[in-house]
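For what it's worth, full-length UniProt numbering labels the leading residue of the sequence shown as 1, then goes sequentially.
Every residue, glycine too, gets a C-beta built ideally from N, C-alpha and C.
Predicted, not measured: the structure shown is a model, and the values here were computed from it.
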Amino acid sequence: MGKFIDAKHEGICIQTKTKIKKGDHVFYFPGRGMFHESSSVYQEHLKNGSFPSQIDEEKTEGRSNTDDFLVIEALEGLRDQ
Numbered sequence: 001m002g003k004f005i006d007a008k009h010e011g012i013c014i015q016t017k018t019k020i021k022k023g024d025h026v027f028y029f030p031g032r033g034m035f036h037e038s039s040s041v042y043q044e045h046l047k048n049g050s051f052p053s054q055i056d057e058e059k060t061e062g063r064s065n066t067d068d069f070l071v072i073e074a075l076e077g078l079r080d081q
């Protein structure tokens with residue numbers, strides 16, 4: 001159940017290994033980590049509009065759990081490399 005947030009601390013993108021600075025807009029997937037805006041996971045969720053931004057986080061009705069598989073597939077692809 002990920003969502004778009006402003007990073008609360010520095011980190012590294014799970015997919016692209018890009019440095020994430022505090023305050024950067026990222027896609028956060030609890031238990032998995034942060035995805036930088038240059039990652040395909042971030043772009044896919046942005047394009048689909050399936051996850052709320054921090055501003056809209058109260059409007060989560062109708063979101064499909066199948067969208068979480070995009071993140072899981074990306075992480076499995078990284079593991080196979």
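Return the CA-CA distance between residue i and residue j, expressed in angstroms with no decimal places.
{"i": "PHE4", "j": "ILE20", "result": "14 Å"}
{"i": "LYS22", "j": "ASN48", "result": "25 Å"}
{"i": "ILE14", "j": "ASP24", "result": "15 Å"}
{"i": "GLY31", "j": "ASP6", "result": "17 Å"}
{"i": "SER38", "j": "ILE12", "result": "12 Å"}
{"i": "THR16", "j": "LYS8", "result": "19 Å"}
{"i": "LYS59", "j": "GLY2", "result": "Note that LYS59 has pLDDT 47, beneath the 50 cutoff, so the model's placement of it is unreliable and no number is given."}
Rounded C-beta distance between residue i and residue j? I'm assuming under 8 Å.
{"i": "PHE29", "j": "TYR42", "result": "Rounded, the Cβ-Cβ distance is 10 Å, inconsistent with contact."}
{"i": "GLY18", "j": "HIS45", "result": "Residue identity differs from the one stated: residue 18 is Thr in this sequence, not Gly. With 8 Å as the limit, THR18 and HIS45 do not qualify as a contact, their Cβ atoms being about 16 Å apart."}
Just curious, the beta strand (DSSP E) that residue i is in, first and last residue?
{"i": "LYS3", "result": "3-6"}
{"i": "HIS25", "result": "25-29"}
Can you tell me where the alpha helix (DSSP H) with residue i in it begins and where it stops?
{"i": "HIS45", "result": "40-48"}
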